[in-house]
Amino acid sequence: MNEVNLTGRVAKDPQTPSGNGPVTLIVATDRVKLKDGKTYIDEATGYTAKTSEFHKVTCFNGQGKAAATRKKGDVVAISGYLHYSSWEDRDGNARYGAEVIADRLHFF
Numbered sequence: 001m002n003e004v005n006l007t008g009r010v011a012k013d014p015q016t017p018s019g020n021g022p023v024t025l026i027v028a029t030d031r032v033k034l035k036d037g038k039t040y041i042d043e044a045t046g047y048t049a050k051t052s053e054f055h056k057v058t059c060f061n062g063q064g065k066a067a068a069t070r071k072k073g074d075v076v077a078i079s080g081y082l083h084y085s086s087w088e089d090r091d092g093n094a095r096y097g098a099e100v101i102a103d104r105l106h107f108f
C-alpha cells in the first residue's frame, strides 16, 4: 500500500501557477525528539523537545482550488500517496525528490 496521512501546518503560502495547474503546499509536521529512548524537556522552551519536518504536497483539480485559498499557519490534514521523481540538473547530476499527491484535504 502507498498511503500517506499527515496533519500539520501550512509552512508558507501556497504556490499557485498561472492558469489552471497543480497547487503546491509545504506542510510542516512535528515529532518528538528522544534521548536514551525517552522524550525530554527542552531547557530553552520548557516544552517537550520536538523537531519539524517539511513535506511537499501537490494538489490537483478541486483539491488544488481549496489549497490555493489557504495561508501560512493554517492547520491541514492530508491523505494521499507518495510519489518519487528523478531528473538531471543543469550540471548533469542526477537529482531525486519525493512529494505527497493529495487525494483529500481537511482544513481546520
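The sequence shown: position 51 = 51 (UniProt numbering), numbered continuously.
Even glycine gets a Cβ: it sits at the ideal position worked out from N, Cα and C.
Source: prediction; values computed, not measured.
In the three-state scheme derived from DSSP, where H, G and I count as helix and E and B as strand, Gly62 is classed as helix. For the pair Lys65 and Ile26, the CB atoms are not nearer than the 8 Å cut-off.
Under the 10 Å beta carbon count, Leu82 is surrounded by fewer than 16 other beta carbons and is classified as exposed. Separation of the CB atoms of Val23 and Pro14 is rounded to 5 Å, and the pair is thereby assigned contact status at 8 Å. For Ala28, the three-state secondary structure derived from DSSP is strand.
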